[in-house]
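Note that the protein sequences, when read in sequence, are chains A and B.
Here this note's numbering is used: position 252 in the first sequence is 271, and no number is missing along the way.
Here this note's numbering is used: position 70 in the second sequence is 306, and no number is missing along the way.
By construction, the Cβ of each residue, glycine as well, lies at the ideal position given by its N, Cα and C atoms.
If you're wondering where the values come from, they're calculated on a predicted model, not measured in any experiment.
Structure first, commentary second.
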Amino acid sequence: MASKKLSRATKLVVLPRTAPVAHERVVLPVSERRLSFGDKWSYAPAPEAHNYIQLKPRYQLFIGGKFVAPRSGKYFDSINPATEEKLAEIAEADARDVDLAVKSARRAYKNVWSKMAGRERGKFLYRIARIIQEKSRELAVLETMDGGKTIKESRDIDLPLVAAHFFYYAGWADKLEYAFPGRAAQPLGVAGQIIPWNFPLLMAAWKLAPALACGNTCVLKPAETTSITAMHLAEIFQEAGLPDGVVNIVTGAGETGKALVDHSDVNKIAFTGSTSVGKLLTQAVAGTKKKLTLELGGKAANIIFEDAAIDQAVEGIISGIYFNQGHVCCAGSRLLVQEGVFPAVIRKLRDRIATLRIGNPLDKNTDIGAINSRMQLDKICELVDSGLKQGAELVQSNAKLPAKGYWYPPSFFTGVTASHRIAQEEIFGPVLSVMTFRTPEEAIERANNTPYGLSAGIWTDKGSKIFKIISKLRAGVVWANTYNKFDPTSPFGGYKESGFGREGGRHGLLPYVTLTAP
Amino acid sequence: MLGIPMPTSPANMHAIARAENRNGTSGPVRLSHTIDQIMVEERAAAFAKRSIKTSAKLAGLKMAISMMDLTTLEGKDTPGKVAFVCRKAMQPMDPRYEVPSCAAVCVYSNLVRPAKKFLGNSGVKVASVATAFPTGLMPLKLKLQEVRSAARDGADEIDMVIDRGQFLAGNHNRVFDEIAATKEACGAAHLKVILETGELQTYDNVRIASEIAMRAGADFIKTSTGKVTPAATMPVTLVMLEAIRDYFYETGIRIGMKPAGGIKTAKQSLAYLVMLKETLGDDWLTPDLFRFGASTLANDVLMQIAKTVDGNYQGADYFSLP
Numbered sequence: 020m021a022s023k024k025l026s027r028a029t030k031l032v033v034l035p036r037t038a039p040v041a042h043e044r045v046v047l048p049v050s051e052r053r054l055s056f057g058d059k060w061s062y063a064p065a066p067e068a069h070n071y072i073q074l075k076p077r078y079q080l081f082i083g084g085k086f087v088a089p090r091s092g093k094y095f096d097s098i099n100p101a102t103e104e105k106l107a108e109i110a111e112a113d114a115r116d117v118d119l120a121v122k123s124a125r126r127a128y129k130n131v132w133s134k135m136a137g138r139e140r141g142k143f144l145y146r147i148a149r150i151i152q153e154k155s156r157e158l159a160v161l162e163t164m165d166g167g168k169t170i171k172e173s174r175d176i177d178l179p180l181v182a183a184h185f186f187y188y189a190g191w192a193d194k195l196e197y198a199f200p201g202r203a204a205q206p207l208g209v210a211g212q213i214i215p216w217n218f219p220l221l222m223a224a225w226k227l228a229p230a231l232a233c234g235n236t237c238v239l240k241p242a243e244t245t246s247i248t249a250m251h252l253a254e255i256f257q258e259a260g261l262p263d264g265v266v267n268i269v270t271g272a273g274e275t276g277k278a279l280v281d282h283s284d285v286n287k288i289a290f291t292g293s294t295s296v297g298k299l300l301t302q303a304v305a306g307t308k309k310k311l312t313l314e315l316g317g318k319a320a321n322i323i324f325e326d327a328a329i330d331q332a333v334e335g336i337i338s339g340i341y342f343n344q345g346h347v348c349c350a351g352s353r354l355l356v357q358e359g360v361f362p363a364v365i366r367k368l369r370d371r372i373a374t375l376r377i378g379n380p381l382d383k384n385t386d387i388g389a390i391n392s393r394m395q396l397d398k399i400c401e402l403v404d405s406g407l408k409q410g411a412e413l414v415q416s417n418a419k420l421p422a423k424g425y426w427y428p429p430s431f432f433t434g435v436t437a438s439h440r441i442a443q444e445e446i447f448g449p450v451l452s453v454m455t456f457r458t459p460e461e462a463i464e465r466a467n468n469t470p471y472g473l474s475a476g477i478w479t480d481k482g483s484k485i486f487k488i489i490s491k492l493r494a495g496v497v498w499a500n501t502y503n504k505f506d507p508t509s510p511f512g513g514y515k516e517s518g519f520g521r522e523g524g525r526h527g528l529l530p531y532v533t534l535t536a537p
Numbered sequence: 237m238l239g240i241p242m243p244t245s246p247a248n249m250h251a252i253a254r255a256e257n258r259n260g261t262s263g264p265v266r267l268s269h270t271i272d273q274i275m276v277e278e279r280a281a282a283f284a285k286r287s288i289k290t291s292a293k294l295a296g297l298k299m300a301i302s303m304m305d306l307t308t309l310e311g312k313d314t315p316g317k318v319a320f321v322c323r324k325a326m327q328p329m330d331p332r333y334e335v336p337s338c339a340a341v342c343v344y345s346n347l348v349r350p351a352k353k354f355l356g357n358s359g360v361k362v363a364s365v366a367t368a369f370p371t372g373l374m375p376l377k378l379k380l381q382e383v384r385s386a387a388r389d390g391a392d393e394i395d396m397v398i399d400r401g402q403f404l405a406g407n408h409n410r411v412f413d414e415i416a417a418t419k420e421a422c423g424a425a426h427l428k429v430i431l432e433t434g435e436l437q438t439y440d441n442v443r444i445a446s447e448i449a450m451r452a453g454a455d456f457i458k459t460s461t462g463k464v465t466p467a468a469t470m471p472v473t474l475v476m477l478e479a480i481r482d483y484f485y486e487t488g489i490r491i492g493m494k495p496a497g498g499i500k501t502a503k504q505s506l507a508y509l510v511m512l513k514e515t516l517g518d519d520w521l522t523p524d525l526f527r528f529g530a531s532t533l534a535n536d537v538l539m540q541i542a543k544t545v546d547g548n549y550q551g552a553d554y555f556s557l558p
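Written as structure tokens, this is what we have:
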């Protein structure tokens, strides 16, 4: 009786697609139930202005408050990964340059920075934060040109967070005596800091701000593909009047980093990057007095339970894996979906990636920018090939890719099992591996079935389930009903092979101090 | 009152949907209709960040005009006022701007006849609010009489309101039955179902009410009467668009969407169109499936069209009042 009434009310009538009669509803057969994301109303180009950006033909090293040429006289090219055009030449620091930088940092530590009152150090950090805010648009454009990330993200995420980190740690500089009750916090000395290419300025801020707030001086080594914004940051340090040598920046590749790690007068090494390099660093530092913190790779599980708000969980999947082209150590790269909602999630995900706009990173409507380097693109392709060879099914947006530059379309694999390489290894690109589970216990087991342990996500409408699950996940950060949210007040860092030490929050002070009796 | 008890609680709706699935008429069914407030608001805000410039802006603004239900719903409405609105709807501005006419004019049911007369065979439709708009608090018999009267007078579209009191009291069956009965009373007229989301308050409620309306026979679902604050918002509209998408996948039926009230600027209208395009895709970018309910939006859109075409702004006095 019930269904009879329903059909009367809704008048479900299958009609040809032409000329629907007003009161009757057109019912499309299952095969035609597709959404089409085409060109019916296409957006015109909306490029962020960049003609005012003044790139230097050559960027020198920043040592002792001055820009100096490298001893070797060698330079390497920095290119725009979206166009493959050369942007500038970057100085290559060798061991002699690194030695100068460390000596300069040591002098500044001894003579100025460690003697300065915390509130005075704080003033410099506040000043730096304000100048970053003032120049944030210019820095965002530079970050996008140098690294390939979208202007939308560098403008709305990277730069606001960079300023926020300096503001936040500026606030700690004169309150260190309250940070660790019953203990006094002493600075370590000279910190050697090696940062990755995925968030060049933000990682510099994560490293520099707490180190400086605690009274250390720094030698920073940016990644070789993304050095330019660090050098503009050096100009900001000059403008802020930061005493010479408090921050030194040495550009170069692995050899430069190695020279910094091996330098005998460095008290602390902080590294963010790959797990393989992290392991080498651990060996290099072993047996020395250097303190070490590592923030390494990840293969985070993003767990969708069937009671989750599915449409919003799909947004979380998108921001989890496609944010910054997937060049995110905490990316939600393993999607675990409860079997009951698997078909719905996959269909929505398929629709959603069709709406992602890939192309010119300076266009304000671009969602997916360029892959950071040829090397990284090759690595992504190699892992995707392995996924195909091992029998997983690839779903890819059919967005047109620009002719020049390094690009990879947003993609996901279904039919993935825990034994696939794409389920185990960090791809560090816009490629998601989707797996299923049946029970909460299985979800926990699968989520923890990785050598990594940086982050995880959980999506459910049940608050109690959130707390139950997160207490069993071996991951440094767990996001509940959101993903990839960062805040300077919140500590960030890994378990297991994702590293150790925390950055952000009060915890982020600890790697840069020695605690003594008051 | 309608005689037959209806299996219309959300849980039972899924039972129906699953039964349809077994008959091979539908795709997979979603199990949960929960909406996460923070994430849906974040997603809705992201659409407004799209930068719509030059040719895309002009095309979008013209599309917005073609989707407009130019509305006058005042206690002091007269055939004279309706004439102003109808004339504006048929030709919103100087023909040299090549602006399409609006989709419809929206009036009270006793003004359907004059509206129909003024619009003639211009193609602009007459939408009539009915069912004791804006509260819906009147015996069903009288509400249905109003609907039949408006349809008889020539209304192409009926904008009904749901009984929010019954909905919030948990009588979802009753809400379903009233919509189904109204649909019958409409005859050939299209039915838009106003959920009055400002009174439903939660996104979960908006989702459930959308499901009820679509399953009971709505051709369009509509956010608001314009008499309650808040009226249409981006996140509420997104929740409804997603309900429409799921219903389409499940049944193969395309339901229309009408945000109404509170959309006052050209920029806002473009953000809604971006949200529509990126949620339901190209097939919904038509006045047959999307409308703006607005009284003051039109002139702001027209002003932006003139600015985009001519390169400079004109004062408000250059744009005729509806």
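For residue i, three-class secondary structure by DSSP
i, result
"His526 of chain A", "helix"
"Gly260 of chain B", "In this prediction, Gly260 of chain B scores a pLDDT of 37, lower than 50, which makes its location untrustworthy; the coordinate-derived value is nonetheless stated afterwards. Gly260 of chain B falls in the coil class under three-state DSSP."
"Cys342 of chain B", "strand"
"Cys400 of chain A", "helix"
"Ala107 of chain A", "strand"
"Phe412 of chain B", "helix"
"Gly551 of chain B", "coil"
"Asp58 of chain A", "coil"
"Arg266 of chain B", "With a pLDDT of only 44 at Arg266 of chain B, under 50, the local geometry of the prediction cannot be trusted, and no value is derived from it."
"Lys423 of chain A", "coil"
"Lys458 of chain B", "strand"
"Leu525 of chain B", "coil"
"Asn321 of chain A", "strand"
Beta-carbon proximity list for residue i, same chain, < 6 Å, skipping 5 on both sides
i, result
"Lys491 of chain A", "Ile463"
"Cys342 of chain B", "Asp305, Thr307, Ala363"
"Gly167 of chain A", "Pro100, Ala101, Pro380, Gly388, Ala389, Asn391"
"Arg384 of chain B", "Ala421"
"Asn235 of chain A", "Pro206, Leu207, Ala210, Tyr531"
"Arg126 of chain A", "Gly264"
"Thr371 of chain B", "none"
CB-CB length for residue i against residue j, believed under 8 Å
i, j, result
"Ala198 of chain A", "Ala204 of chain A", "6 Å"
"Asn503 of chain A", "Val347 of chain A", "7 Å"
"Pro304 of chain B", "Ala507 of chain B", "Sequence check: residue 304 of chain B is Met here, not Pro. Going by Cβ atoms, the distance from Met304 of chain B to Ala507 of chain B rounds to 16 Å, so no, they are not a contact pair."
"Gly495 of chain A", "Leu528 of chain A", "About 17 Å separates the two Cβ atoms, so there is no contact after all."
"Ser446 of chain B", "Ile430 of chain B", "That pair is no contact at about 12 Å."
"Ala449 of chain B", "Leu297 of chain B", "Not quite, the Cβ-Cβ distance comes to about 29 Å (not below 8 Å), so this is no contact."
"Ala468 of chain B", "Ile491 of chain B", "About 17 Å; that fails the 8 Å criterion."
"Phe456 of chain A", "Leu355 of chain A", "5 Å"
Same chain, Cβ closer than 8 Å to residue i, five either side skipped, listed in chain order
i, result
"Arg138 of chain A", "Ala192, Asp193"
Spatial neighbours of residue i in its chain, beta-carbon cut-off 7 Å, leaving aside the 5 residues before and after
i, result
"Ala249 of chain A", "Pro219, Ala223, Leu239, Pro241, Ile268"
"Leu380 of chain B", "Ala417, Thr418, Ala421"
"Ser123 of chain A", "Ile82, Gly83, Gly264, Asn267"
"Gln409 of chain A", "His439, Arg440"
"Ser509 of chain A", "Gly523, Gly524"
"Cys233 of chain A", "Leu195, Ala204, Pro206, Leu528, Tyr531, Val532"
"Val121 of chain A", "Val209, Val238, His282, Asp284, Val285"
Is it true that the segment 392-400 of chain B meets the segment 413-424 of chain B, where meeting means three or more beta-carbon pairs spaced less than 8 Å apart? yes
Only counting runs of 4 or more residues, tell me where the alpha helix (DSSP H) segments fall wholly within the segment 340-400 of chain B, in order along the chain. 348-355, 376-388
Length-filtered (3 minimum) beta strand (DSSP E) runs lying within the segment 456-493 of chain A: 474-478
Can you find at least 3 beta carbon pairs, one from the segment 349-367 of chain B and one from the segment 334-341 of chain B, that sit closer than 8 Å? yes
Just checking, does the segment 325-336 of chain A make contact with the segment 352-371 of chain A on the three C-beta pairs under 8 Å criterion? yes
Would you say the segment 306-325 of chain A touches the segment 427-437 of chain A, given that touching needs at least three Cβ pairs under 8 Å? no
Is it the case that the segment 60-67 of chain A contacts the segment 279-291 of chain B, given that we only count it when at least three CB pairs across the two stretches are under 8 Å? yes
Every unbroken beta strand (DSSP E) within the segment 209-283 of chain A, with a cutoff of 3 residues, ordered by chain: 209-213, 236-240, 266-268
In the segment 443-502 of chain B, which residue ranges form an unbroken beta strand (DSSP E) of at least 3 residues, counting only runs that do not cross its ends? 456-458, 492-494
Would you say the segment 272-289 of chain A touches the segment 109-122 of chain A, given that touching needs at least three Cβ pairs under 8 Å? yes
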